[in-house]
Each structure stands twice: as structure tokens, then as C-alpha cells.
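In this note's numbering, the protein residues as written are 37 to 306.
Just so you know, even glycine gets a beta-carbon here, dropped at the ideal spot from N, CA and C.
Printed below as a string of C-alpha cells:
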């Protein structure tokens, strides 16, 4: 636990909650803290939430669009968006770069992606994600479908770009689950759950997010160290296998969409 960084951020939030400083001053002070690169990204994400969150919790549900704009985008942008390096988190709802280049890949559209540009063109994909409002948290069928979609998006990108790994993101309400997809051996694709982080719904609850700093640092380390092109692209290509057809995947699901069926995914709440 980076104690100095955590205590510094908590001290600023405490002064904000006690109205000693205002939101803009809190955001400025967070950005002025003496932190390393990844800790600074976390402080930037917290600053974005400070400028947008209500002081107390709202007794209202948020639809998918408002959820993403008011909570999720602020946090993820602070962590991953880096225009100077050509890295952008984008809510596209468009075909993937891989599908546009190769008709064999899925034509489904991800809710979000993290892409890197070269010059004036998007060059490569680094992460894909799907988002659902909290009202869908008990719809196991839809959530499993979303996770499957994220896996396929990441698998296609990993194969096409010969990446060491791809980051997967699943959002349900204000809860974000992070995954890492890697190719361990020929045809052996492994998707590892990295961590789960819940975005607070108000300034009053914001301090509960700060102890998540070690998990955020783990995500950023994985993203920058593993979600990169493979050192030996030719060797990586020999381990690729074709993505199973949708008909094969459908065998994993029953046709019934009974929301009360048990599910191995432990899903969250708003």
C-alpha cells in the first residue's frame, strides 16, 4: 500500500468534505501532489470524480448513457487516456478495427475501446469493454453475453495484432471488472480476472475508493507492460487458432432467459 499517496489524497478529500476547500481547489491540489506516473493517473481520476459527483447519494437509477458519462468515463479516462502518447479511451459503439480489416472477425460493436493512433489514423486496439446499467445486474443471461463479447473482441485483437495481452473491461452499474486475456500456448487463451472496483455514488462516499489504489496500480502495470505487441510476432502467429463460431458459443447458453437461474458470476449492485 503506497501509504504516502493514499494519505495525501484522503487529506485533500477530507478538507473538501469539510468545505475548507472547494472542488476546483481539491482537483488542483490532487494534480500537484508529488506522485509517480501511475499514482498521478489515479489522482487525476479522483479529481475528475470530485468535479462531477453529487455531495450525497441520489435515490435514483441511472441509465447506461448517464452512468457512463457521470461515473465510469471520468474514472477510466483519468487512468488510460493519454493523448500525448496517442492512447484514447473511446465510447464508439462501432465495429472494431479488426472487423474493419478482416471480415472473418465478429461484426458486433463494443461499447468502449482503448485505441492507439499513429499519425492521423487509429493503429491498434489495447482494450475492449461492455457496459450495462445497474438495473440489468440480475440479468445473468445478458451479463454473460457481455463477458463473452468482451472476450471475443480481445481475442480477435490479440490474434490480428500479435499482442502479448489485451485488457477486458465489464461495467455493471458503477462496478468495473478488469480482465487480462493472454495466449499461453497454441490455442490456449487464458482470461484472468484482475480486480473489481466500484465507483462511489457521491463525494460523501469517495474516501472508500482511495484504498483501491494498489489494485489500480496493478491494472496500470499490466496495461502498460503486457498490452503491447509481442516480441516475436511470427512465433505468436503460430499459436493462434480460429475463433469458435457463434453457433458453438450458443451451446454454452440455454435458450431460456430465466433471470433467476444461478450464475457463477458474482455481480454487484448500484
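C-beta atoms of residue i and residue j nearer than 8 angstroms
| i | j | result |
| --- | --- | --- |
| residue 74 | residue 253 | yes |
| residue 163 | residue 209 | no |
| residue 132 | residue 175 | no |
| residue 88 | residue 65 | no |
| residue 122 | residue 144 | no |
| residue 91 | residue 239 | yes |
| residue 266 | residue 198 | yes |
| residue 52 | residue 62 | yes |
| residue 203 | residue 259 | yes |
| residue 93 | residue 237 | yes |
Residue i, buried or exposed, once every other Cβ within 10 Å from all chains shown has been counted against 16
| i | result |
| --- | --- |
| residue 314 | Residue coverage of the chain in this structure runs from 37 to 306, which leaves residue 314 outside it and unanswerable. |
| residue 134 | buried |
| residue 45 | buried |
| residue 159 | exposed |
| residue 86 | buried |
| residue 195 | buried |
| residue 305 | For residue 305, the predicted structure reports a pLDDT of 46, less than 50, and the residue's modelled location is therefore unreliable. The matter cannot be settled from this model. |
| residue 150 | buried |
| residue 138 | exposed |
| residue 157 | exposed |
| residue 212 | buried |
Anticipated Cβ contact below 8 angstroms, residue i with residue j, distance rounded
| i | j | result |
| --- | --- | --- |
| residue 248 | residue 206 | Residue 248 to residue 206, Cβ: 17 angstroms. No contact. |
| residue 216 | residue 230 | 6 angstroms |
| residue 235 | residue 108 | 7 angstroms |
| residue 188 | residue 279 | 6 angstroms |
| residue 262 | residue 200 | 5 angstroms |
| residue 172 | residue 219 | Going by Cβ atoms, the distance from residue 172 to residue 219 rounds to 31 angstroms, so no, they are not a contact pair. |
| residue 110 | residue 84 | 4 angstroms |
| residue 136 | residue 114 | Contact doesn't hold; Cβ gap of about 29 angstroms is too wide. |
| residue 148 | residue 126 | 7 angstroms |
For residue i: DSSP bridge partner residues
| i | result |
| --- | --- |
| residue 118 | 123 |
| residue 152 | 123, 160 |
| residue 221 | 224 |
- Item | Sequence ranges, beta strand (DSSP E) only - wholly within the region 156-217, length at least 3 | 157-168, 201-208, all fully within the region 156-217.
- Query: Which residue spans inside the region 227-282 form an unbroken alpha helix (DSSP H) run of at least 4?
  - Reply: 249-262, 269-275
- Message: Please give me, in chain order, every unbroken run of the alpha helix (DSSP H) with length at least 4 that falls completely inside the region 71-100.
- Response: 73-88
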